[in-house]
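Novice: The structure's right below; bear with me while I get my questions together.
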Amino acid sequence: DQQVKQNSPSLSVQEGRISILNCDYTNSMFDYFLWYKKYPAEGPTFLISISSIKDKNEDGRFTVFLNKSAKHLSLHIVPSQPGDSAVYFCAALLENTDKLIFGTGTRLQVFP
Amino acid sequence: DSGVTQTPKHLITATGQRVTLRCSPRSGDLSVYWYQQSLDQGLQFLIQYYNGEERAKGNILERFSAQQFPDLHSELNLSSLELGDSALYFCASSVSMSPGELFFGEGSRLTVL
Numbered sequence: 034d035q036q037v038k039q040n041s042p043s044l045s046v047q048e049g050r051i052s053i054l055n056c057d058y059t060n061s062m063f064d065y066f067l068w069y070k071k072y073p074a075e076g077p078t079f080l081i082s083i084s085s086i087k088d089k090n091e092d093g094r095f096t097v098f099l100n101k102s103a104k105h106l107s108l109h110i111v112p113s114q115p116g117d118s119a120v121y122f123c124a125a126l127l128e129n130t131d132k133l134i135f136g137t138g139t140r141l142q143v144f145p
Numbered sequence: 526d527s528g529v530t531q532t533p534k535h536l537i538t539a540t541g542q543r544v545t546l547r548c549s550p551r552s553g554d555l556s557v558y559w560y561q562q563s564l565d566q567g568l569q570f571l572i573q574y575y576n577g578e579e580r581a582k583g584n585i586l587e588r589f590s591a592q593q594f595p596d597l598h599s600e601l602n603l604s605s606l607e608l609g610d611s612a613l614y615f616c617a618s619s620v621s622m623s624p625g626e627l628f629f630g631e632g633s634r635l636t637v638l
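Respectively, the protein sequence lines represent chains A and B. Here the first sequence stands for residues 34 to 145, where the numbers follow my numbering. Here the second sequence stands for residues 526 to 638, where the numbers follow my numbering.
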């Protein structure tokens with residue numbers, strides 16, 4: 034039972050353009066959503082988060098949008114840079130717990 | 526460098542064997558989490574400890590067990606190993622002030638032959 038889904042295993046974007054990574058969830062009991070980035074041979078690192086009471090959070094080139102009615106969130110990276118090439122994991126935190134559920138990841142490649 | 530240390534980085538063993546993976550959390554972090562990442566899979570939550578006590582449990586097999594010691598380091602024990610247990614095992618820690626913000630180690634890659 035995959036409660037957090039990333040349906041696109043990979044995405045290729047040209048440098049300078051926008052990267053949009055998508056994530057869907059099924060459980061209404063999530064109260065925080067996060068994005069993590071993972072480079073090869075490293076552990077995931079926290080990128081950006083959003084509370085379920087908000088619909089947008091921005092941090093520099095990274096913006097996360099949350100659509101609660103659709104149970105959908107997305108990560109926008111503008112402009113995309115080659116250093117952004119990595120696997121991006123969407124994650125959701127179960128309400129009143131520390132249990133963080135991850136999606137399967139989307140591999141982003143930013144080419145020159 | 527996240528400050529979370531995992532050993533060993535790589536481990537190759539045979540089916541039926543038992544291994545122990547070790548994790549030292551960031552200084553001051555009381556929570557330790559274990560995750561498993563199999564090929565083409567996301568990070569599967571296994572178990573969480575907080576200050577020595579089990580706090581949350583995920584899809585952890587009965588053949589697996591974990592504990593957190595008084596110095597806050599944690600060990601994940603995997604026994605009666607099967608081929609399907611081959612995976613990357615990540616440890617993460619947090620101070621629980623930023624919801625969901627975990628600091629991950631580099632992982633222990635287990636290969637079961």
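C-beta atoms are modelled at their ideal positions from N, C-alpha and C, and glycine is treated no differently. Quick caveat: nothing in here was measured; it's all calculated off a predicted structure.
Given that I134(A) touches chain B, what residues does it touch there, using C-beta distances under 7 Å?
Specialist: What you label residue 134(A) is simply residue 101 of the first sequence in a count that begins at 1. F570, listed in chain order.
Novice: Assuming A581(B) and W559(B) are in contact, meaning their beta carbons sit under 8 Å apart, how far apart are those beta carbons, in whole angstroms?
Specialist: One-based indexing of the second sequence puts residue 581(B) at position 56. One-based indexing of the second sequence puts residue 559(B) at position 34. Their Cβ separation, rounded to whole angstroms, is 11 Å, which puts A581(B) and W559(B) out of contact at 8 Å.
Novice: At a CB distance below 7 Å, what residues from the segment 101-135 of chain A approach chain B? Give them in sequence order.
Specialist: F122, A124, L126, T130, D131, K132, L133, I134 and F135
Novice: Can a CB atom of chain A be found closer than 8 Å to the CB of F589(B)?
Specialist: To locate residue 589(B), count along the second sequence from 1; it is residue 64. Answer no: the Cβ-Cβ gap between F589(B) and chain A never drops below 8 Å.
Novice: With 8 Å as the limit, tell me which residues of the segment 547-576 of chain B have their beta carbon closer than that to any beta carbon of chain A; keep them in chain order.
Specialist: S556, Y558, Y560, D565, Q566, G567, L568, Q569, F570, Q573 and Y575
Novice: With a 10 Å radius around its C-beta and 16 neighbouring C-beta atoms as the bar for buried, classify V46(A) as buried or exposed.
Specialist: Mapped onto the first sequence, residue 46(A) falls at position 13. By the neighbour-count rule (16 or more Cβ atoms within 10 Å), V46(A) is buried.
Novice: Along the chain, where does the beta strand (DSSP E) that runs through Y560(B) open and close?
Specialist: Here residue 560(B) refers to the residue found at position 35 when the second sequence is read from its first residue. From DSSP, the beta strand (DSSP E) with Y560(B) extends over S556 to Q562.
Novice: From G625(B), L568(B) and S599(B), pick the residue whose C-alpha is nearest to that of Q35(A); which is it?
Specialist: On the first sequence, position 2 is the one that residue 35(A) refers to. Cα-wise, what sits closest to Q35(A) is L568(B).
Novice: According to the Cβ coordinates, are L536(B) and L606(B) closer than 8 Å?
Specialist: By one-based count along the second sequence, residue 536(B) stands at place 11. By one-based count along the second sequence, residue 606(B) stands at place 81. Taking 8 Å as the Cβ cut-off, L536(B) and L606(B) do not qualify as a contacting pair.
Novice: Residues of the segment 65-88 of chain A in Cβ contact with chain B at a cutoff of 9 Å, in chain order, please.
Specialist: Y65, F66, L67, Y69, K71, A74, E75, G76, P77, T78, F79, S82 and S84
Novice: Taking the alpha-carbon of V143(A) as reference, which of V37(A), N40(A), G76(A) and L54(A) has the nearest alpha-carbon?
Specialist: Position 110 of the first sequence, counted from the start, is the residue given in the question as residue 143(A). Considering only alpha carbons, the answer is L54(A).
Novice: Considering only residues of the segment 63-119 of chain A, which uninterrupted beta strand (DSSP E) runs meet the minimum length of 3 residues and lie entirely inside it, listed in chain order?
Specialist: Whole beta strand (DSSP E) segments, 3+ residues: 63-71, 78-84, 89-92, 95-100 and 105-110.
Novice: Going straight from the alpha carbon of E75(A) to that of G583(B), what length do you get?
Specialist: Taking the first sequence and counting its residues from 1, one reaches residue 75(A) at position 42. Taking the second sequence and counting its residues from 1, one reaches residue 583(B) at position 58. If you take the alpha carbons of E75(A) and G583(B), they lie about 23 Å apart.
Novice: I want to verify the contact list: residues of chain A whose CB lies under 9 Å from the CB of A581(B), in sequence order.
Specialist: Within the second sequence, residue 581(B) is the residue found at index 56, counting from 1. Here the neighbours are L127, T130, D131 and K132.
Novice: Going by Cα to Cα distance, which pick from L127(A), D131(A), E128(A) and D117(A) is closest to Y69(A)?
Specialist: In the first sequence, residue 69(A) corresponds to position 36, counting from 1. Looking at the Cα atoms, D117(A) is the closest of the given residues.
Novice: Below 8 Å on the Cβ atoms is my guess for V637(B) versus T532(B); work out the distance and round it to an integer in Å.
Specialist: The sequence position of residue 637(B) within the second sequence is 112, counting from 1. The sequence position of residue 532(B) within the second sequence is 7, counting from 1. In fact, because the Cβ distance is near 18 Å, the residues do not count as touching under 8 Å.
Novice: So what does DSSP say about L133(A), is it helix, strand or coil?
Specialist: If you number the first sequence from 1, residue 133(A) lands on position 100. Three-state result, L133(A): strand.
Novice: Could you name the residues of chain B that G138(A) contacts, counting a contact when the two beta carbons are closer than 7 Å?
Specialist: Position 105 of the first sequence, counted from the first residue, corresponds to residue 138(A). Simply G567.
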